[in-house]
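Residue numbers (this note's numbering), protein chains in the order written: chain A, 400 to 735; chain B, 54 to 350.
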């Protein structure tokens with residue numbers, strides 16, 4: 400297994416290199432004048448000339464790529480055109496808010512999506528199965544950003560149940576000191592025992608959480624169902640049943656355990672989807688995360704910021720898939 | 054342009070496959086409804102100028118005196134901030150969405166299919182290089198690469214299509230390559246090789262036609278996802294630009310007004326949802342029909 404993991408890690412490094420190569424091409428080769436993009440839409444000729452020098456555009460491509468790699472490895476993603484601050488720094492500041500959202504939705508994907516898939520497989524072609532399949536295919540057909548608006552319309556405008564956006568109510572932001580230890584608002588408020596902030600933050604998380612969470616729940620339920628259906632037709636399941644094992648044990652222990660491969664792959668996939676979906680929803684909920692950051696960057700054509708988020712997201716996705724693969728490697732049948 | 058006519062011939066077996074799938078799909082009620090809805094959507098897209106109650110509202114004509122009116126017998130879907138009939142704009146949006154999705158998938162096929170055939174047909178170093186490139190493209194989360202490419206190409210609907218095609222082709226390359234590898238070993242390919250048929254001809258004339266069916270199926274299943282992607286790019290400001298009545302853009306514009314004009318975001322969203330849903334339902338059906346384990350005659 401160690402050999403498998405090592406080989407997988409090596410492959411991961413190669414893929415990361417490839418990702419760097421593609422992002423390099425997108426940023427430097429696709430635009431007709433990369434320096435003009437890098438310096439921003441209202442740059443003076445001097446600023447563009449400076450950017451050309453900064454990017455090393457006068458040098459051969461291979462040298463440029465070398466410099467690009469060195470910058471990446473040292474965590475230098477350039478400066479935002481809008482704020483003139485380092486992109487890496489701004490990413491780190493907005494990361495915790497996004498991680499909160501992604502965690503919530505992954506949690507939902509695992510603890511709602513998987514049981515839904517199991518029940519659906521168990522009740523194949525019965526009403527529950529039809530409903531859960533319709534749900535799964537329905538939520539993957541919904542435009543995420545639209546759900547956000549509709550939830551706001553219903554639960555904020557019509558029912559007044561939940562706040563429209565933001566991470567905290569204005570009155571709490573004004574009257575109370577916001578704890579900043581890890582940057583994760585919920586965690587920080589728990590550590591400092593600030594229960595009112597925690598509840599308020601939780602309250603603000605509901606609508607964006609549902610918006611972001613629906614897609615992965617549907618995706619995971621669908622994959623779990625089809626993986627389980629395949630496994631349930633295997634001989635060892637029939638054997639387990641004929642031993643007289645309880646159906647509950649067969650289903651939740653025997654079958655589900657064997658579907659861990661496809662399931663962990665799809666969970667990794669759905670985290671990737673979720674991350675990109677935050678690009679479409681955070682700005683709706685004025686959620687101060689990476690999604691709002693790139694949405695603002697796109698509107699202002701802040702190229703260094705767009706590139707920074709792209710590279711960051713792609714790298715995290717590759718690493719996630721690596722983790723999923725290593726989980727799969729724990730399955731003795733995959734070991735080589 | 055010899056290869057182009059060869060390319061055309063490749064479509065023939067998939068048409069046969071399609072007819073069979075159509076027959077099987079037609080037996081499930083949900084899928085039959087989906088097929089009918091897709092047919093309707095295509096009709097709406099084609100005849101948009103005749104169906105829309107106010108065709109001139111689709112692009113630029115404005116009537117400020119009618120702005121943000123709720124749905125009524127005159128304006129079924131209400132009006133937008135410039136007094137344009139939302140129903141007309143949504144109808145024209147159907148045309149844009151279907152067209153864009155078809156072109157984007159077509160472009161992706163145009164890149165992906167030949168590359169897959171070359172990789173699978175030639176094998177060796179070419180195979181290795183092409184497949185490693187697709188691996189890297191597939192290691193981006195979906196939509197992310199399209200966002201980056203669209204941003205650097207500059208925001209426009211054309212560039213959004215191009216960006217989607219560039220981030221989508223590896224899926225098709227993978228499918229075609231997998232097929233081609235197994236077909237390469239078949240007798241008729243060896244026979245062609247033995248009588249000295251040049252390699253390009255073998256790949257495009259003998260191998261490619263036999264690999265097309267699954268990729269055409271996959272492409273038709275992808276239409277829903279691509280429509281969603283186009284809407285998402287437009288929503289971010291990277292796709293269609295105002296005053297184009299693209300669905301994602303309509304929703305994006307509605308954000309300023311929707312709290313006091315519920316119809317503005319609701320109807321374009323329903324249009325996207327329904328369209329993507331029927332394509333996904335059909336895609337699901339096709340998958341079931343083609344999978345021997347779930348196939349029911």
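Ideal Cβ placement from N, Cα and C applies to all residues, glycine included.
Residue from the options whose Cα sits closest to the Cα of residue i
i: residue 312 of chain B; options: A/647, A/556, A/631, A/572; result: A/556
i: residue 687 of chain A; options: A/559, A/554, A/718, A/582; result: A/582
i: residue 185 of chain B; options: B/168, B/195, B/197; result: B/168
i: residue 623 of chain A; options: A/428, A/651, A/695; result: A/651
i: residue 479 of chain A; options: A/729, A/662, A/443, A/702; result: A/702
i: residue 574 of chain A; options: A/554, A/595, A/587; result: A/595
i: residue 547 of chain A; options: A/668, A/603, A/659; result: A/603
i: residue 201 of chain B; options: A/564, A/721, A/698; result: A/698
i: residue 195 of chain B; options: B/253, B/216, B/265; result: B/216
i: residue 719 of chain A; options: A/453, A/663, A/445, A/530; result: A/663
i: residue 326 of chain B; options: B/193, B/255, B/177, B/282; result: B/282
i: residue 14 of chain B; options: B/159, B/213, B/244, B/124; result: Outside the modelled stretch of chain B, which goes from 54 to 350, sits residue 14 of chain B, for which no answer is possible.
i: residue 87 of chain B; options: B/341, B/342, B/328, B/307; result: B/328
i: residue 617 of chain A; options: A/628, A/657, A/590, A/537; result: A/537
i: residue 236 of chain B; options: B/249, B/188, B/247, B/262; result: B/262
i: residue 156 of chain B; options: B/227, B/276, B/332, B/322; result: B/276
Proximity test, residue i beta-carbon vs the ligand PLP heavy atom, cut-off 7 angstroms
i: residue 323 of chain B; result: With respect to the ligand PLP, the structure offers nothing, as it holds no ligand at all.
Rounded separation between residue i and residue j - CA only
i: residue 181 of chain B; j: residue 172 of chain B; result: 8 angstroms
i: residue 102 of chain B; j: residue 457 of chain A; result: 52 angstroms
i: residue 704 of chain A; j: residue 291 of chain B; result: 15 angstroms
i: residue 597 of chain A; j: residue 503 of chain A; result: 15 angstroms
i: residue 495 of chain A; j: residue 584 of chain A; result: 8 angstroms
i: residue 417 of chain A; j: residue 560 of chain A; result: 47 angstroms
i: residue 681 of chain A; j: residue 221 of chain B; result: 25 angstroms
i: residue 240 of chain B; j: residue 620 of chain A; result: 43 angstroms
i: residue 661 of chain A; j: residue 626 of chain A; result: 7 angstroms
i: residue 161 of chain B; j: residue 118 of chain B; result: 45 angstroms
i: residue 410 of chain A; j: residue 554 of chain A; result: 47 angstroms
i: residue 614 of chain A; j: residue 531 of chain A; result: 13 angstroms
i: residue 429 of chain A; j: residue 207 of chain B; result: 10 angstroms
i: residue 116 of chain B; j: residue 130 of chain B; result: 16 angstroms
i: residue 693 of chain A; j: residue 708 of chain A; result: 7 angstroms
i: residue 519 of chain A; j: residue 526 of chain A; result: 9 angstroms
i: residue 632 of chain A; j: residue 714 of chain A; result: 38 angstroms
i: residue 677 of chain A; j: residue 488 of chain A; result: 19 angstroms
i: residue 177 of chain B; j: residue 234 of chain B; result: 11 angstroms
i: residue 563 of chain A; j: residue 552 of chain A; result: 9 angstroms
i: residue 315 of chain B; j: residue 301 of chain B; result: 16 angstroms
i: residue 341 of chain B; j: residue 529 of chain A; result: 14 angstroms
i: residue 540 of chain A; j: residue 330 of chain B; result: 5 angstroms
Buried or exposed (CB count within 10 angstroms, at least 16 for buried), residue i
i: residue 569 of chain A; result: exposed
i: residue 100 of chain B; result: exposed
i: residue 350 of chain B; result: Note that residue 350 of chain B scores 45 on pLDDT, short of 50, meaning its location in the model is unreliable; the coordinates nonetheless yield the value given after this. With fewer than 16 other Cβ atoms within 10 Å, it is exposed.
i: residue 472 of chain A; result: exposed
i: residue 106 of chain B; result: exposed
i: residue 735 of chain A; result: Legend: pLDDT at residue 735 of chain A = 46, less than 50; position of this residue unreliable, value from coordinates given subsequently. It is exposed - the Cβ of residue 735 of chain A has fewer than 16 other Cβ atoms within 10 Å.
i: residue 289 of chain B; result: buried
i: residue 225 of chain B; result: buried
i: residue 211 of chain B; result: exposed
i: residue 634 of chain A; result: exposed
i: residue 436 of chain A; result: buried
i: residue 427 of chain A; result: buried
i: residue 214 of chain B; result: buried
CB contact flag (residue i, residue j, <8 angstroms)
i: residue 324 of chain B; j: residue 146 of chain B; result: yes
i: residue 670 of chain A; j: residue 505 of chain A; result: yes
i: residue 524 of chain A; j: residue 567 of chain A; result: no
i: residue 209 of chain B; j: residue 152 of chain B; result: no
i: residue 97 of chain B; j: residue 104 of chain B; result: yes
i: residue 606 of chain A; j: residue 515 of chain A; result: no
i: residue 191 of chain B; j: residue 675 of chain A; result: no
i: residue 407 of chain A; j: residue 725 of chain A; result: yes
i: residue 679 of chain A; j: residue 543 of chain A; result: yes
i: residue 264 of chain B; j: residue 170 of chain B; result: yes
i: residue 193 of chain B; j: residue 425 of chain A; result: no
i: residue 199 of chain B; j: residue 164 of chain B; result: no
i: residue 270 of chain B; j: residue 154 of chain B; result: no
Minimum Cβ-Cβ distance from residue i to chain C less than 8 angstroms
i: residue 686 of chain A; result: Checking the listed chains, one finds no chain C in this structure; the protein chains it contains are A and B.
### Task
Could you pull out every unbroken alpha helix (DSSP H) segment of at least 4 residues lying fully inside the region 648-721 of chain A, listed in chain order?
659-680, 689-698
### Task
Quick one: which unbroken alpha helix (DSSP H) runs of 4-plus residues sit fully inside the region 515-565 of chain A? Chain order, please.
526-538, 543-550
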